[in-house]
Structure formats: structure tokens, C-alpha cells
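Trainee: Mind having a look at this structure? Questions to follow.
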Amino acid sequence: MSKATAVVMIDLQNSMFMGPNEYPYLPDETLAAARSVLDRAREAGVPVIHVQHQHARYEPMQPGHIGFEIHPTVAPIEGETVIVKRSSDAFDDTALDATLSELGVETIVVGGMQTQHCVDTSCRRALGLGYDVILIADGHTTFDTEYFPASSIIAHHASTLADLAHARREIIVRRSAEIVF
């Protein structure tokens, strides 16, 4: 993997794992996969950026609420960047692109929540901004919807993102154990 790589973890916040009526698909496994990538990135000195969603109307995703905080399994360590966003696109009106550019990053390794919203949107935007993307296959998740089970949503988006056409960049989907820095 290129030295110009960073890990971007999107919205792995307590509110996504709080229940009581609903939990994401394979929550413990997703957090473990994300953590394993974080551990290897940190060991290799690869920059880690955490993205936190501040929702305008959903109190558990607002500053001051325990739900807003990043889950302790994947919480930032000293020196890691945390970027707050207010839309599904981690690049929209945030310092993410500028931060990655300043670091000389060309490839981002992405994990997080929710697959069909913030993960998908941010991966597509990254591609358009000129980044290669490695999506952690077992490091992103979502909830069941009225129409589709979460497992189908995850599989569909991983497949679709890996098939996107771009003249110079690509999205690769890899399991956490296959990601080496």
C-alpha cells in the first residue's frame, strides 16, 4: 500500500450501537474489524481520521450527548484528527479534503456507518476528488430497512462501489485481514 494512505472511519458513534430496539448488522464484528485496521494503521504510522455526524434533529447525535461520542472500541487516540460533519458526505463543508491533501494522501481506507448513506456517499465523493478508496468489506454496516435486510444493503453497496468506473481512480473492497500498511 502507498505511503500516501490514511484511514477514515465514518460515524462509528455510540448512538449507532445503543439500541434498545435496533442494532446494526453484526455490530461487534464490524467494530472488531474496524479496530484491527486502526491498530495496524497506528502501528505503521498511517494517519487516522475520525468523522463524527452531528445530526440537526436527532438528539443522540448532537454534541453533549453520549451518543455523539465515538464508540470506545474505535475511539481516537491522542493526535488523531476528528472531523464533524452535518451531511451524509464526509467531505461536504468539512476540512476532510484539505486535511488529506495536507498529508499528501492519495488512498483512503474507509470503514463506518451507515453503508447506504454516509459510507457510500463519502466513497463516491472521494473517488470524484481524486482519491483511491479501499472499503473495509467487514468494517462497515447498517440497519435493516423496511424493504431490505442490512446484509443485502451491505453486499449491494460493496459490489456497486467496486464496479464504479473512473478514468484514474478506483474503489477496492477488501476484508480487514487483507489490509496491510
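Start counting the sequence shown at 768; every next residue gets the next number (the working numbering).
We put the CB at the ideal spot given by N, CA and C, even for glycine.
Here the structure is a predicted model, which is why all the values come from computation and not from measurement.
1) Does the structure place the stretch 899-907 close enough to the stretch 800-815 that three or more beta carbon pairs sit under 8 Å?
2) Can you name the start and end residues of the beta strand (DSSP E) that threonine 866 belongs to?
3) Please go through the same chain and pick out, in chain order, the residues whose beta-carbon is closer than 7 Å to the beta-carbon of threonine 882, but skip the five residues on each side of it.
4) Pick out whichever of Asp778, Asn788, Glu789 and Asp860 has its Cα sitting closest to the Cα of leucine 798.
5) How about valine 851 and isoleucine 816: do their beta carbons lie closer than 8 Å?
6) Within the chosen definition, does the stretch 839-855 reach the stretch 816-829 through at least 3 CB pairs nearer than 8 Å?
7) With distance defined between alpha-carbon atoms, name the residue in His884, Pro827, Cys890 and Asp856 nearest to isoleucine 875.
8) Leaving out five residues before and five after glutamate 1010 in sequence, what residues of the same chain have Cβ atoms less than 7 Å from its Cβ?
9) Within the same chain, show all residues whose beta-carbon is closer than 7 Å to that of leucine 793, passing over the 5 residues directly before and after it, in chain order.
10) Could you give the C-beta distance for leucine 894 and arginine 936, rounded to a whole number, given that I count them as a contact under 8 Å?
11) Taking the CB atoms as reference points, tell me whether glutamate 873 and alanine 771 lie closer together than 8 Å.
12) Got a sec? Which residues, its chain only, sit under 7 Å from glycine 897 by beta carbon, not counting five neighbours each side?
13) Taking the alpha carbon of glutamate 945 as the point to measure from, which residue in Ala800, Leu931 and Glu810 has its own alpha carbon closest?
14) With DSSP collapsed to three states, give me the class of valine 818.
15) Kindly indicate which residue of Pro916, Val947 and Asp887 has the alpha-carbon position closest to the one of threonine 927.
Mentor: Per the coordinate set shown:
1) yes
2) Note, threonine 866: premise wrong, no beta strand (DSSP E); alpha helix (DSSP H) at 863-870.
3) His907, Thr908, Thr909, Ile920, Ile921 and His924
4) Asp778
5) no
6) yes
7) Cys890
8) Past the edges of the chain, shown from 768 to 948, lies residue 1010, and the structure says nothing about it.
9) Thr908
10) 5 Å
11) yes
12) Arg936
13) Ala800
14) strand
15) Asp887
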